[in-house]
Amino acid sequence: MPLQLPASRWTNLAGIGLCHPSHHHYPTSTEDVQRIVEFVRSQKGKCRVAGGGRSPNTATFTNEHLIHMEHMSRILSIDTVARTITCEAGAVMEEVMKSVDKVGLMVRCVPSYVSTTVGGCIATATHSSGIRCNCLSDYVRGLKIVDGCAMIRTLATGKDDAELRLAACHLGVMGVVTEVTLEVQPRVQWKVVSQPLSMTDATNTALVAEKVKSTEYYRWWWVPHTEGCYESYGSVEDVPDMSPKSPLRETLGLQCETPVKPSPAALRTASNTSDSADSSTSLVVKMVLKYIATDFVRHQMVEWSLWAACLYPNLQPYVNKVYQRVFYSAPQVQCGSALECFTFDCLFKQWANEWAIDASRAVEAFNRLRSMVDREGMLLHFPVEFRFTAPDLSDMSPAVGRSTCWIGVVMYRPRGREARDTHRCYQGFCRLMEEMGGRPHWAKYYDWGHHEITAAYGDHWKRFLALRRRMDPDDIFVNRWFSNLISPDRVNSTECAH
Numbered sequence: 001m002p003l004q005l006p007a008s009r010w011t012n013l014a015g016i017g018l019c020h021p022s023h024h025h026y027p028t029s030t031e032d033v034q035r036i037v038e039f040v041r042s043q044k045g046k047c048r049v050a051g052g053g054r055s056p057n058t059a060t061f062t063n064e065h066l067i068h069m070e071h072m073s074r075i076l077s078i079d080t081v082a083r084t085i086t087c088e089a090g091a092v093m094e095e096v097m098k099s100v101d102k103v104g105l106m107v108r109c110v111p112s113y114v115s116t117t118v119g120g121c122i123a124t125a126t127h128s129s130g131i132r133c134n135c136l137s138d139y140v141r142g143l144k145i146v147d148g149c150a151m152i153r154t155l156a157t158g159k160d161d162a163e164l165r166l167a168a169c170h171l172g173v174m175g176v177v178t179e180v181t182l183e184v185q186p187r188v189q190w191k192v193v194s195q196p197l198s199m200t201d202a203t204n205t206a207l208v209a210e211k212v213k214s215t216e217y218y219r220w221w222w223v224p225h226t227e228g229c230y231e232s233y234g235s236v237e238d239v240p241d242m243s244p245k246s247p248l249r250e251t252l253g254l255q256c257e258t259p260v261k262p263s264p265a266a267l268r269t270a271s272n273t274s275d276s277a278d279s280s281t282s283l284v285v286k287m288v289l290k291y292i293a294t295d296f297v298r299h300q301m302v303e304w305s306l307w308a309a310c311l312y313p314n315l316q317p318y319v320n321k322v323y324q325r326v327f328y329s330a331p332q333v334q335c336g337s338a339l340e341c342f343t344f345d346c347l348f349k350q351w352a353n354e355w356a357i358d359a360s361r362a363v364e365a366f367n368r369l370r371s372m373v374d375r376e377g378m379l380l381h382f383p384v385e386f387r388f389t390a391p392d393l394s395d396m397s398p399a400v401g402r403s404t405c406w407i408g409v410v411m412y413r414p415r416g417r418e419a420r421d422t423h424r425c426y427q428g429f430c431r432l433m434e435e436m437g438g439r440p441h442w443a444k445y446y447d448w449g450h451h452e453i454t455a456a457y458g459d460h461w462k463r464f465l466a467l468r469r470r471m472d473p474d475d476i477f478v479n480r481w482f483s484n485l486i487s488p489d490r491v492n493s494t495e496c497a498h
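Here is the structure:
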């Protein structure tokens, strides 16, 4: 059943850390997962689920049994009346969104990056932005789980509400989630306006609060070492009727004489050569310009510039200033689906450090972060992002119980190199967020143990641990990452398993 590869290595997309699983499993059904868990139990072993391997920490790492979900990625059903979609846990978010779009529905919580699995996204409370939008785990309406005893458990809204809220943001320790049912909504057309934001407006608490409150979607970015901010706010657009219309004359049954003109076929023939040449030239020019603007500038020049700044750190402020001038100095308007409007290019390999604080303290956090960077002489990459979500019900969501501002600090790994101040900045940012009552994004960078989680989550954490004990009494799904979370010591989430 398993593929035993003693010398195998496995890491995440960011290349942060490394583990050496002794066995790799590729199930195709819930029954396969049952057999795998039974096998692991017979070996008195441990296992974790890899998902898409997108989390830039060690949450999925193990040196024993690693379960890969790419063969459990099917869309199982879409209920247009109940407005739900049921899929296997290995389904990729982008495919889920495209599937419901075809039947006039949409997923409201659209993360910036959608090449992630549904099971992994709910496990860590993946979020979008919009103060009336919840994290993805709050849209879970049903789960099928193979627990640590190799038993299939089904949780559904209406009969298992308390357990479902606990298991939705499951951290990979309730068992192997094999199927997920998500609530979806009627599809709408979005209009997202992005534009430069002055530092005066970005630090105006009342103004920011009003923008967050009055828009369906809102986020802003800051490019460190500049006075440049950039905001995006989205609204639901009225969708025009795009169905074909009959010509007015035919509709009214009218006839009128018109001058004789060459037929369309004759016109096409006469202009065929020149039109074809113009069209080909235009297409080539567009392709070249697109390559220059995206692949070459954004993915080549920017990464090499950041790489150079790793060698010569004093270059970093200049790299940031140029990036801000090129990409964040002009307004843009985008119309389309949530998938088209809310996702964006995350560029290349990166560290990620994101915390959830009370939404009312967003501007205070921004000011304190800027002061810390200036005071400590830290050199940061870009952007620092501010997003907002509604209070969650999922017990282990960092947004549970309060309107939330998510603040993310990105530090890249250009061509595999590390910036001078990545860890110094991240440690300072973590301390600042803790002082402000923040909770870290589970899939990213932090150094928390049992004491810190208990202080931040209270009874939510106690109930979660109690359910986890019932679901996995022999700790089959506990790896070093989760062991650190229940230990009295602080251990960094990016430390590798041994």
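Here the sequence shown is numbered in full-length UniProt numbering, starting from 1 and rising by one per residue.
Every residue gets a Cβ at the ideal spot worked out from N, C-alpha and C, and that includes glycine.
Hey, how far is the Cα of residue i from the Cα of residue j?
i: F342; j: W221; result: 14 Å
i: N134; j: G416; result: 35 Å
i: D392; j: M93; result: 20 Å
i: R439; j: M433; result: 8 Å
i: A91; j: G437; result: 34 Å
i: L171; j: G336; result: 33 Å
i: V319; j: D79; result: 49 Å
i: Y412; j: A455; result: 31 Å
i: W442; j: S282; result: 47 Å
i: L311; j: L164; result: 49 Å
i: L66; j: Y26; result: 9 Å
i: residue 561; j: S329; result: An answer regarding residue 561 cannot be provided, because it is not within the stretch 1 to 498 covered by the chain.
i: I152; j: L485; result: 26 Å
i: E452; j: C425; result: 20 Å
i: E340; j: D101; result: 11 Å
i: E435; j: I357; result: 10 Å
i: D447; j: V81; result: 44 Å
i: E250; j: G234; result: For E250, the predicted structure reports a pLDDT of 29, less than 50, and the residue's modelled location is therefore unreliable. The matter cannot be settled from this model.
i: D241; j: T215; result: Note on D241: pLDDT 39, under 50, position unreliable in the model; the coordinate value appears next. If you take the alpha carbons of D241 and T215, they lie about 25 Å apart.
i: N492; j: T422; result: 14 Å
i: M199; j: D374; result: 16 Å
Looking only at its chain, what residues have a beta carbon closer than 8 Å to the beta carbon of residue i, apart from the 5 residues adjacent to it on each side?
i: E179; result: T30, L76, T86, C87, E88, A89, G142, L143, K144
i: N204; result: V363
i: T11; result: G17, L18, C19, G53
i: P259; result: Model confidence at P259 stands at a pLDDT of 37, short of 50, so the residue's coordinates are unreliable and nothing is read from them.
i: R74; result: C87, E88, A91
i: V400; result: P391, D392, L393, S394, Y457, H460
Are the C-beta of residue i and some C-beta of chain C separated by less than 8 Å?
i: I122; result: The structure shown contains no chain C; it holds only a single protein chain.
Looking at residue j and residue i, is the spacing between their C-beta atoms short of 8 Å?
i: G51; j: L13; result: no
i: G428; j: E354; result: no
i: P111; j: H225; result: no
i: L182; j: Y139; result: yes
i: G130; j: F366; result: no
i: I476; j: V40; result: yes
i: V118; j: A359; result: no
Assuming residue i and residue j form a contact by the criterion Cβ under 8 Å, report the distance between their Cβ atoms to the nearest whole angstrom.
i: M471; j: D147; result: 5 Å
i: T494; j: G17; result: 6 Å
i: G449; j: S487; result: 5 Å
i: S55; j: T124; result: 7 Å
i: F386; j: V410; result: No, F386 and V410 are not in contact; Cβ-Cβ is about 13 Å, not under 8 Å.
i: V33; j: V176; result: 5 Å
i: S137; j: I122; result: 5 Å
i: R468; j: V103; result: Rounded, the Cβ-Cβ distance is 36 Å, inconsistent with contact.
i: V49; j: M69; result: 6 Å
i: P331; j: Q195; result: 4 Å
Among the residues of its own chain, which have a CB less than 6 Å from the CB of residue i, if the five just before and after it don't count?
i: D474; result: G148
i: T28; result: H71
i: P313; result: L379, R420
i: V37; result: V146, A150
i: T273; result: Here T273 scores only 42 on pLDDT, less than 50, and its place in the model is too uncertain to base an answer on.
i: V333; result: V193
i: A352; result: P56, K444
Whose C-beta lies closer than 7 Å to the C-beta of residue i among residues of the same chain, with five residues either side of it excluded?
i: Q185; result: R83, L105, M106, R108
i: L197; result: W220, C229, Y230, E231
i: H20; result: S8, R9, N63
i: F464; result: L166, D395, M396
i: T157; result: R141, G142, L164
i: V223; result: N320, Y323, Q324, Y328, F382, P383
i: F344; result: S112
i: L315; result: A308, A309
i: D489; result: G449
Practice item. Answer yes if the stretch 477-496 comes into contact with the stretch 51-71, meaning at least three C-beta pairs across the two stretches below 8 Å, and no otherwise. Key: Two segments are said to touch when three or more pairs of C-beta atoms, one from each, lie closer than 8 Å; by this definition the stretch 51-71 touches the stretch 477-496.
Check your understanding: Are there three or more Cβ pairs, one per stretch, closer than 8 Å when the stretch 369-379 is compared with the stretch 341-357?
Key -> Under the three-pair Cβ rule at 8 Å, the stretch 369-379 does not count as touching the stretch 341-357.
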